[in-house]
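In terms of the working numbering, the sequence shown opens at residue 27 and continues consecutively. Glycine included, each C-beta is placed from N, C-alpha and C at the ideal position.
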Amino acid sequence: MSYAEFYRRSIETPEAFWAEQAELIDWKTPPSQILDTTRAPFVNWFAGGTTNLCHNAVDRHLAARGDQPALIAVSTETGTERSYSFKELHAEVQRVAASLMELGVGKGDRVLIYMPMIPEAAFTMLACARLGAIHCVVFGGFASASLASRIEDATPKVVVSADAGSRGGKVIAYKPLLDEAIRLSTHKPDAVLLFDRGLAPMDLSKGRDHLAAPLVEKHRDAQVPCTWMDATDISYTIYTSGTTGRPKGVQRDTGGYAVALAASMKHIFDGRAGETYFSTSDIGWVVGHSYIVYGPLIAGMATLMYEGLPTQGLDRQPDGGIWWRLVEKYKVTVMFSAPTAVRVLKKQDPALLKKYDLSSLRALFLAGEPLDEPTARWISEGLGVPIIDNYWQTESGWPILTVANGVETTRSKFGSPGVPMYGYKVKILHESTGEELTAPNEKGVVVIEGPTPPGFMQTVWRDDERFVNTYWKTVPGKLVYSTFDWGIRDEDGYYYILGRTDDVINVAGHRLGTREIEESISGHAKVAEVAVVGVADALKGQVAMAFVVPKDGAVLGDAQAALALEGEVMKQVADQLGALARPARVHFVGALPKTRSGKLLRRAIQAVCEGRDPGDLTTIEDPGALQQIRQTLSPRG
Ligand code: PRX
Numbered sequence: 027m028s029y030a031e032f033y034r035r036s037i038e039t040p041e042a043f044w045a046e047q048a049e050l051i052d053w054k055t056p057p058s059q060i061l062d063t064t065r066a067p068f069v070n071w072f073a074g075g076t077t078n079l080c081h082n083a084v085d086r087h088l089a090a091r092g093d094q095p096a097l098i099a100v101s102t103e104t105g106t107e108r109s110y111s112f113k114e115l116h117a118e119v120q121r122v123a124a125s126l127m128e129l130g131v132g133k134g135d136r137v138l139i140y141m142p143m144i145p146e147a148a149f150t151m152l153a154c155a156r157l158g159a160i161h162c163v164v165f166g167g168f169a170s171a172s173l174a175s176r177i178e179d180a181t182p183k184v185v186v187s188a189d190a191g192s193r194g195g196k197v198i199a200y201k202p203l204l205d206e207a208i209r210l211s212t213h214k215p216d217a218v219l220l221f222d223r224g225l226a227p228m229d230l231s232k233g234r235d236h237l238a239a240p241l242v243e244k245h246r247d248a249q250v251p252c253t254w255m256d257a258t259d260i261s262y263t264i265y266t267s268g269t270t271g272r273p274k275g276v277q278r279d280t281g282g283y284a285v286a287l288a289a290s291m292k293h294i295f296d297g298r299a300g301e302t303y304f305s306t307s308d309i310g311w312v313v314g315h316s317y318i319v320y321g322p323l324i325a326g327m328a329t330l331m332y333e334g335l336p337t338q339g340l341d342r343q344p345d346g347g348i349w350w351r352l353v354e355k356y357k358v359t360v361m362f363s364a365p366t367a368v369r370v371l372k373k374q375d376p377a378l379l380k381k382y383d384l385s386s387l388r389a390l391f392l393a394g395e396p397l398d399e400p401t402a403r404w405i406s407e408g409l410g411v412p413i414i415d416n417y418w419q420t421e422s423g424w425p426i427l428t429v430a431n432g433v434e435t436t437r438s439k440f441g442s443p444g445v446p447m448y449g450y451k452v453k454i455l456h457e458s459t460g461e462e463l464t465a466p467n468e469k470g471v472v473v474i475e476g477p478t479p480p481g482f483m484q485t486v487w488r489d490d491e492r493f494v495n496t497y498w499k500t501v502p503g504k505l506v507y508s509t510f511d512w513g514i515r516d517e518d519g520y521y522y523i524l525g526r527t528d529d530v531i532n533v534a535g536h537r538l539g540t541r542e543i544e545e546s547i548s549g550h551a552k553v554a555e556v557a558v559v560g561v562a563d564a565l566k567g568q569v570a571m572a573f574v575v576p577k578d579g580a581v582l583g584d585a586q587a588a589l590a591l592e593g594e595v596m597k598q599v600a601d602q603l604g605a606l607a608r609p610a611r612v613h614f615v616g617a618l619p620k621t622r623s624g625k626l627l628r629r630a631i632q633a634v635c636e637g638r639d640p641g642d643l644t645t646i647e648d649p650g651a652l653q654q655i656r657q658t659l660s661p662r663g
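See the structure below:
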């Protein structure tokens, strides 16, 4: 079947189309209603069906491939490498599930997971799915304030964590960050389960904290059956940034998600049971949920979980070829990474790409940020396999725009993630009139018309109103989902993504809210006002740049004092939010450019930082403020 026909069926007869896709997973009870849109924009997929994500990822493979690898965990931080067969994974997951049960976890309870990239993190996610508990994974690179706001919102019964993570040989103790986060949060978990890797000492809080090892050992032979979940029951929430400082809990269902992932593994990733999938992402991000843990396992593939830099070997010596060494060793057929990682590798010796037998590899998928043409060309020539750009969001759970080579081999175009995937009605609308832009190459906002396909977010956790108002009410007079991305569509129907319409920035493929960073900075005693913008960066895509109006004007004329305060502000952000959010520079100015009604002109600041024309400035209150920003930037403000 041609992709055009496949796509057309998904849009014109969604029920027949998705009923067929639903056969890719195991159901305890098959669904009685494929699609229910009576509460649009809320969508129910596969109502009446019961299933379980862990069953589909693990148990159902036991008969056919119980002894085949399921999870391969490689850490170049600790120099460890371990493979678990489906049978072993099944046992490990049940041990953790039984331990969680002992701590009181049952269906619908939240379990917040704050862990590094160790196999126990995947065991815990799968254990939650097995019990019907809702997991909320928080990226291990986030610090206590970020973690606290997520604990507050998720109200977890149990938090699962570890003594430490490690990055480039630097140990980051998690326990003190977690203790501080729980102290900051008004919600207190009943229990904390801690995996000890022996990297950092832990102070245990009596009655609350439990070491995992003895509990897991006690439940060595545990048999914990899967809890059958309604297709529409919540599987997990994952927090993501938006326009306000308060992170949103993106909530996902069970049955729709399982079907969406199984279908994407077949039609988009073309990954087959018994093969190995290698995604270099982190379980703290949506890519880690969909394409480290659930997607590959649902497809019966082994998933390779990697902790460490792309440039460090198992002997912990520099090795820019480590990923290719792993592709060769584990005969990886499908690989998934981010453009930033490729830009890092581009700085390594190109001979490294030729040193290993990469013949198993069929494609490299890249997502999370725009893929620039030089990077795409370099890696495409080096690997000799298709490089497949794919565009999606935490909210969608799986690709919105790409090519579905599993359906029909489709040409990719440099600079474009591709065409709308089956199930997605993607449109480009005029920013202010909301009119659909149908002529080629007209810039507008990329939106999705409902009903959104399976796997797409159900709502914002505990806040239906926020879901509707934030995502579905941005275009006057129309109920459409806004991606908050600018885009164009060319004459062949290929889309190009041109950056965010809101205050979200993308640092090394990681999505961050500038408002959260601003809130952290304004908490500093010497800061009167602040604006944070994302500025183009050759390696990371974007970096955060802060402009601060200090309370004490003296800083403005004193280079030494400015440098000291810059250091303090940077440290505060790193301590509260995590190193990822630390601004690349903090500049001090006397005033910030605002409109007459007091709105910060962030886009104008960003344009000036990138040496572009700031555009229409008729509403600016004080043009001198923008001029000051220009001056601080040159030569080295
Ligand atoms: O701005 C788009 C950018 O990343 C945002 C979503 O980030 P996140 O929620 O972290 O999900 C990442 C899932 C891969 C989008 O709104 N983005 C993502 N993929 C691409 C992209 N921008 C350009 N090209 C892409 N392929």
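Considering only heavy atoms of the ligand PRX, does any lie closer than 7 Å to the CB of residue i?
i, result
"Leu397", "yes"
"Arg5", "It is not possible to answer for residue 5, since the shown part of the chain is limited to 27 through 663."
"Trp254", "no"
"Trp498", "no"
"Arg526", "yes"
"Ala393", "yes"
"Asn431", "no"
"Thr401", "no"
"Trp487", "no"
"Trp44", "no"
"Thr509", "yes"
"Ile543", "no"
"Thr420", "yes"
"Arg108", "no"
"Trp71", "no"
"Ile443", "At residue 443 the sequence reads Pro, which differs from the Ile that was named. Checking every heavy atom of the ligand PRX against the Cβ of Pro443, one is found closer than 7 Å."
"Trp311", "yes"
"Asn416", "yes"
"Asn467", "no"
"Thr266", "yes"
"Arg537", "yes"
Could you check if residue i is buried or exposed, using at least 16 other CB atoms within 10 Å of its CB as the buried criterion?
i, result
"Met27", "exposed"
"Ala551", "exposed"
"Pro132", "The question names Pro, yet the displayed sequence has Gly at residue 132. That one is exposed."
"Val119", "buried"
"Leu505", "exposed"
"Arg437", "exposed"
"Phe440", "exposed"
"Gln653", "exposed"
"Glu544", "buried"
"Met31", "Sequence check: residue 31 is Glu here, not Met. Glu31 should be labelled exposed."
"His8", "Here the chain comprises residues numbered 27 to 663, so residue 8 is not present and cannot be evaluated."
"Arg34", "exposed"
Comparing alpha-carbon positions, which option in the options lies nearest residue i?
i, options, result
"Thr621", "Arg437, Asp639, Leu643", "Leu643"
"Asp216", "Asp135, Val242, Ile51", "Asp135"
"Met143", "Ser125, Phe165, Asp563", "Phe165"
"Gly539", "Trp487, Gly604, Tyr507", "Gly604"
"Ser125", "Glu421, His613, Phe221", "Phe221"
"Pro95", "Ala328, Leu50, Thr104, His293", "Ala328"
"Val494", "Gly444, Phe573, Cys635, Val276", "Val276"
"Ala465", "Val218, Asn431, Lys597, Arg515", "Arg515"
"Lys361", "Tyr303, Gly195, Glu475, Gly314", "First, the amino acid is wrong: residue 361 is Met here, not Lys. If we check each option's Cα against that of Met361, Tyr303 comes out closest."
"Ser192", "Thr181, Lys201, Leu225, Ser172", "Leu225"
"His613", "Leu626, Ala633, Ala630, Ala570", "Ala570"
"Ser58", "Ala42, Phe68, Pro67", "Ala42"
At the 8 Å Cβ level, is residue i part of the contact set with chain D, yes or no?
i, result
"Arg515", "Checking the listed chains, one finds no chain D in this structure; it contains a single protein chain."
Any chance the CB of residue i is under 7 Å from a heavy atom of the ligand MG?
i, result
"Ile523", "This structure simply doesn't include the ligand MG; it includes the ligand PRX instead."
Next item on the list: Can you check the region 116 to 168 for any alpha helix (DSSP H) of at least 4 residues that lies completely inside it and give the ranges in chain order?
Entry: With a minimum length of 4 residues, the continuous alpha helix (DSSP H) runs that stay inside the region 116 to 168 are 145 to 157.
Next item on the list: Only counting runs of 4 or more residues, tell me where the alpha helix (DSSP H) segments fall wholly within the region 265 to 309, in order along the chain.
Entry: Runs of the alpha helix (DSSP H) inside the region 265 to 309: 281 to 293.
Note to self: At 3 residues or longer, what runs of the beta strand (DSSP E) sit wholly inside the region 183 to 249?
What the structure shows: As far as the region 183 to 249 is concerned, its whole beta strand (DSSP E) runs of at least 3 residues are 184 to 188, 190 to 193, 196 to 199, 217 to 221, 235 to 237.
Check: Quick one: complete beta strand (DSSP E) runs, 3+ long, within the region 436 to 515?
Finding: For the region 436 to 515, whole beta strand (DSSP E) runs of length 3 or above, ordered along the chain, are 451 to 455, 470 to 475, 507 to 515.
Notebook entry, point to check: Quick one: complete alpha helix (DSSP H) runs, 4+ long, within the region 530 to 582?
Noted result: Under the rule that a run must span 4 or more residues, the alpha helix (DSSP H) segments found entirely inside the region 530 to 582 read 540 to 548.
Notebook entry, point to check: Can at least three beta-carbon pairs, one atom from the region 250 to 263 and one from the region 71 to 79, be found at a separation below 8 Å?
Noted result: As far as the Cβ criterion goes, the region 250 to 263 touches the region 71 to 79, which means the pair count is three or higher.
Check: Is it a yes or a no for the region 165 to 179 touching the region 587 to 607, going by three-plus beta-carbon pairs under 8 Å?
Finding: Between the region 165 to 179 and the region 587 to 607, the count of Cβ pairs shorter than 8 Å is three or higher; the stretches touch.
Check: Unbroken alpha helix (DSSP H) runs of length 4 or more, entirely within the region 87 to 115: which are they?
Finding: Note on the region 87 to 115: whole alpha helix (DSSP H) runs with a minimum of 4 residues are 88 to 91, in chain order.
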